[in-house]
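Residue numbers (the working numbering): 5 to 650. Even for Gly, the Cβ is constructed at its ideal location relative to N, Cα and C.
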Ligand code: MSP
């Protein structure tokens with residue numbers, strides 16, 4: 005199996021992420037899902053960049069230890085990725101032991117071979133960007149990248165000999181035109197940085213402590229960019245033996261925002277050249293997501309919290325919007341109006357309608373199941389041809405990460421299908437009994453086209469395909485593969501349907517824009533800052549707090565699915581002398597019959613609630629991990645039900 009290794013930048017844990025950072029991760033997730041669908045053995049890495057002066061200062065301001073401070077943000081970020089359906093394979097934290105040890109080894113190796121040497125640094129530093137500048141580079145005393153004031157720094161430092169490798173790097177970039185993409189960013193790197201000549205880079209700091217200590221000189225901590233960039237190989241166990249490193253390195257692509265292309269195409273490849281390791285095959289620098297044509301930033305108060313958007317419109321709508329609206333590689337604009345328009349026109353009107361019309365007509369005209377007897381029409385050929393044409397074009401676009409074009413292609417098929425409905429007028433065919441075979445054929449072609457569409461959209465929108473498969477009763481997983489959609493007509497002729505909810509309800513544009521605007525404004529009112537403190541401080545509870553929770557062992561007597569929900573199970577649990585009904589969100593992990601007989605831990609003094617109209621008198625404890633796996637906590641000896649858990 006061919007391997008494919010893709011990475012996102014690791015995110016600073018100085019604050020919560022906004023829709024701009026989310027954009028990089030959604031793009032990477034889409035590529036990873038696409039490559040998995042195409043049969044690659046994919047490793048998708050993301051994580052957090054947790055060291056440095058900025059984070060140390062933020063933690064000090066909040067009066068907490070830096071580690072405690074970053075822990076709160078990291079758990080928020082992991083929740084965000086869960087919410088956005090980010091299916092990463094590895095989440096690296098730069099505070100992980102394996103990473104820290106790896107960085108120390110890398111630093112030592114470079115020092116031992118003479119590529120790192122001790123000196124003294126005097127210059128300017130932008131703390132928010134964690135970046136060094138010379139007098140010549142700053143603009144009116146401000147950082148040329150972010151425009152904030154720079155600080156004077158003078159301290160003993162280790163230096164990395166970037167200059168020694170610059171010719172080798174220049175040659176590599178020129179010999180490998182795919183290495184820096186898009187091409188405009190390559191030219192910028194060559195003309196603005198490499199050709200004028202590189203200065204050696206300061207790679208350690210002594211004026212603060214929050215970083216990885218240099219092993220042989222612990223007064224120094226490793227410069228945060230050298231620490232952070234190493235994550236791409238330490239995450240694979242670069243310094244450990246027999247590591248996935250051998251299998252997955254070099255990376256197929258590092259996705260990064262345009263302002264950090266410089267670090268990834270100059271410092272990072274030179275580190276690798278010095279280590280004697282292969283360079284990544286590509287660094288792709290995408291543009292920025294602007295808000296009403298302005299750069300998003302916390303200080304301007306114009307950031308958008310992805311959790312707010314997903315809460316209002318669902319994850320697939322948000323992912324679709326980001327990937328469709330913005331040309332990957334260029335800057336693009338986020339506006340409330342554009343989001344609502346896209347949801348209404350592309351998702352509700354085009355795709356949502358196609359599904360509900362198809363399912364609705366199979367229900368209405370054939371009682372929910374198509375007959376075997378079907379008569380093909382000439383018009384079918386156009387739909388079939390377009391489907392295969394679209395698949396080929398998408399394969400092309402996805403190689404170049406042209407998500408917007410790829411989605412545009414899918415939507416030509418969606419719209420063609422809606423047009424096919426208008427052209428064949430099933431409601432007219434339905435009036436004439438002799439046209440029944442034609443009518444059945446039309447609905448078959450639409451169902452089959454929806455199958456193709458569902459697979460095509462799956463890397464972009466991970467949830468909608470499930471809704472389509474459910475409504476078309478497409479249980480056979482072999483019909484959900486990329487190869488299968490290249491053959492039009494694999495779906496069994498007698499399509500059955502199971503009517504479900506509308507996948508994308510139509511929105512009232514004006515009302516929705518107002519709602520969205522005030523939701524965004526509310527979250528921007530510094531709620532963010534307050535939450536950091538809250539999350540950090542809620543670390544400890546007292547024994548009195550803990551003893552308020554009454555937990556007992558319960559035995560599952562009976563269990564069944566909650567009607568209308570694919571997540572909930574309803575169990576009858578015996579706890580000593582009483583039996584209670586408890587509803588839990590575990591249906592994806594346990595079949596009802598498998599659950600019966602288990603001894604579980606029940607929180608008994610929770611206020612009863614109704615879930616989907618079903619009474620739940622307590623909660624069953626379960627453990628879940630970042631990969632979305634879950635297991636119910638059970639006992640391993642024969643302790644009887646009713647026993648207290650303390
Ligand atoms: N920690 C460094 C990266 C180290 S990688 C070895 C960093 N972190 S960051 O959190 O500031 O940014 C992470 C990513 O988010 C970058 O790729 C950055 O370009 C991206 N974005 C931040 N704001 C953005 C927008 N408004 N729009 C698009 N991407 C943006 O840099």
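Ranked by Cα distance from residue 237, the first of 195, 97, 433 and 64 is 97.
For residue 28, the shortest separation between its Cβ and any heavy atom of the ligand MSP lies below 7 Å. Residue 555 and residue 603 have their C-alpha atoms roughly 13 Å apart.
Under the three-state reduction of DSSP, residue 567 is assigned to coil, being neither helix nor strand.
Close CB contacts of residue 311 within its chain, under the 7 Å cut and outside five residues either way in sequence, are with 84 and 87 (chain order).
Counting every other CB atom within 10 Å of its CB across the protein chains shown gives residue 374 a total of 16 or more, marking it as buried. Taking all protein chains shown into account, residue 106 has 16 or more neighbouring C-beta atoms within 10 Å of its C-beta and is therefore buried. Between residue 322 and residue 343, the alpha-carbon positions lie close to 8 Å from each other.
Burial of residue 268 is indicated by the presence of at least 16 other C-beta atoms within 10 angstroms of its C-beta. Taking 7 Å as the cut-off, one finds at least one heavy atom of the ligand MSP near enough to the beta carbon of residue 235. Taking a 10 Å sphere around the C-beta of residue 153, we find fewer than 16 other C-beta atoms and assign the residue as exposed. The residue from 408, 180, 101 and 296 with its alpha-carbon nearest to that of residue 461 is 408. Residue side-chain check: residue 25 places its Cβ nearer than 7 Å to a non-hydrogen atom of the ligand MSP. Remark: C-beta atoms of residue 401 and residue 410 approach each other more closely than 8 Å. Counting every other CB atom within 10 Å of its CB across the protein chains shown gives residue 144 a total below 16, marking it as exposed. Remark: the shortest separation between the CB of residue 15 and any heavy atom of the ligand MSP falls under 7 Å. Taking every protein chain shown into account, the CB of residue 426 has fewer than 16 other CB atoms within 10 angstroms, so this residue is exposed.
Judged by DSSP in its simplified three-state form, residue 125 adopts strand. Shown here, residue 95 sits in a strand according to DSSP, grouped into three states.
Of the other Cβ atoms in all chains shown, fewer than 16 fall within 10 Å of the Cβ of residue 627; this residue is therefore exposed. The ligand MSP has no heavy atom closer than 7 Å to the beta-carbon of residue 151. Here residue 110 is buried, its C-beta having at least 16 other C-beta atoms within 10 Å. The ligand MSP has a heavy atom closer than 7 Å to the beta-carbon of residue 299.
Close CB contacts of residue 489 within its chain, under the 6 Å cut and outside five residues either way in sequence, are with 456 and 459 (chain order). If one requires a minimum length of 4 residues, the alpha helix (DSSP H) runs lying completely within the segment 498–528 are 513–528, in chain order. Exclusion of the five residues before and after residue 207 leaves 120, 162, 163, 164, 226, 227 and 230 as the residues of its chain whose Cβ lies within less than 7 Å of its Cβ. When the beta-carbon positions are compared, residue 615 and residue 572 come within less than 8 Å of each other. Scanning 102, 445, 345 and 142 for the CA closest to the CA of residue 424 turns up 445. Just so you know, the alpha carbons of residue 240 and residue 217 end up roughly 21 Å apart. Residue 145 has its CB no nearer than 7 Å to any heavy atom of the ligand MSP. Nearest C-alpha to residue 594 among 633, 583 and 585: 633. About 13 Å separates the Cβ atoms of residue 257 and residue 189, ruling out a contact at the 8 Å cut-off.
With fewer than 16 other beta carbons inside 10 angstroms of its own, residue 379 counts as exposed. Annotation for residue 293 indicates a beta carbon within 7 Å of some heavy atom of the ligand MSP.
In this structure, residue 451 places its C-beta atom within 8 Å of the C-beta atom of residue 495.
Between residue 203 and residue 234 a beta carbon distance of about 21 Å is seen, past the 8 Å cut, so the two are scored as non-contacting.
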